[in-house]
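Just so you know, full-length UniProt numbering puts 198 at position 198 of the sequence shown, and the rest follows in order with no gaps.
Structure first, commentary second.
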Amino acid sequence: MSLMLYSNPMSRGRIARWMLEEVGQPYDVTYLDYGTGMKAADFLGVNPMGKVPTLVHDGVVVTEAAAICAYLADAFPDAGLAPPHGDPARAPYYRWMFFAAGPVEAAVTAKSLNLLPPADKGAMVGYGSFDGTIAALEKAVGAADPWLCGSQFTAADVYVGSQVNWGLMFKSMPASPVLQAYSERLIARPAYQRASALDDEAMQAKG
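Here is the structure:
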């Protein structure tokens with residue numbers, strides 16, 4: 001069994017690394033530079049988008065951070081990072097992970113780039129409005145007890161939590177008590193702390 005993560009310590013690859021630490025299986029990391037390593041012909045043969053994170057598991061390629069989280073949860077069920085098939089908790093698991101991968105990321109990115117649509121054009125974008133998207137996120141996180149699937153921490157918390165952590169760090173989301181409390185629970189996890197320390201060390205080594 002081999003797990004190789006192509007990443008950069010200043011990228012969404014940090015999400016995949018956190019997920020790998022939660023899984024608890026041995027893995028390797030290859031760090032790629034933007035514009036050089038990511039656009040090299042050999043890596044483009046793995047991921048034609050030339051982006052990280054990219055995971056290769058026994059020769060199988062998985063890209064996109066949310067997909068990597070969901071894939072790893074299913075590939076290593078003993079880690080308990082996804083509700084079992086048939087469990088009603090599978091619904092919020094999928095719902096909130098892909099809500100964060102779609103509307104949340106799109107709305108936050110649009111706001112950061114001053115590209116939010118006029119109010120009368122909101123129906124043309126998948127998230128509708130930034131305020132509405134954040135309100136829905138806060139409602140989901142506020143109902144977490146303590147996680148999105150109840151008492152079970154899952155890959156959905158890794159992905160949604162990464163969006164929340166970055167949103168608070170870069171001030172692209174409002175620092176509401178609900179989001180802050182969720183973030184505090186997330187960053188207390190040993191796997192999060194291990195992953196962050198490893199990527200921070202790699203970032204410092206790059207200078």
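The beta carbon of each residue, even a glycine, is placed where N, CA and C say it ideally should be.
query: Between residue 167 and residue 108, which are expected to be in contact by the criterion C-beta below 8 Å, what is the C-beta distance as a whole number of angstroms?
result: The residue labelled residue 167 in the question sits at position 167 within the sequence shown. The residue labelled residue 108 in the question sits at position 108 within the sequence shown. Approximately 6 Å separates the beta-carbon atoms of residue 167 and residue 108; this is inside 8 Å, confirming the contact.
query: How many angstroms separate the CA atom of residue 75 from the CA atom of residue 40?
result: The residue given as residue 75 occupies position 75 in the sequence shown. The residue given as residue 40 occupies position 40 in the sequence shown. Distance between the alpha carbons of residue 75 and residue 40: 29 Å.
task: Provide the residue(s) that pair with residue 150 in DSSP beta bridges, ordered along the chain.
output: Residue 150 sits at position 150 when you count from the first residue of the sequence shown. Answer is 147, bridged to residue 150.
field: residue 206 versus residue 7: straight-line alpha-carbon distance, rounded
entry: The residue given as residue 206 occupies position 206 in the sequence shown. The residue given as residue 7 occupies position 7 in the sequence shown. Distance between the alpha carbons of residue 206 and residue 7: 13 Å.
query: What is the DSSP secondary structure of residue 141, counted as helix, strand or coil?
result: One-based indexing of the sequence shown puts residue 141 at position 141. Residue state, collapsed to three classes: helix.
query: Given a threshold of 16 other Cβ atoms within 10 Å of its Cβ, counted over all protein chains shown, does residue 57 qualify as buried or as exposed?
result: Residue mapping note: residue 57 aligns to position 57 of the sequence shown, counting from 1. Answer is buried; the Cβ neighbour count reaches 16.
task: Using beta-carbon positions only, say whether residue 105 and residue 193 come within less than 8 Å of one another.
output: Your numbering for residue 105 matches position 105 in the sequence shown. Your numbering for residue 193 matches position 193 in the sequence shown. It is not a contact, given that the beta carbons lie outside the stated cut-off.
message: What ranges does the alpha helix (DSSP H) occupy inside the segment 44-132, keeping only unbroken runs of at least 4 residues that lie completely in it?
response: 65-75, 90-99, 105-112
- prompt: At which residues does the beta strand (DSSP E) containing residue 200 begin and terminate?
  reply: Sequence index remark: in the sequence shown, residue 200 carries index 200 (1-based). Careful: residue 200 lies outside any beta strand (DSSP E), inside the alpha helix (DSSP H) at 190-205.
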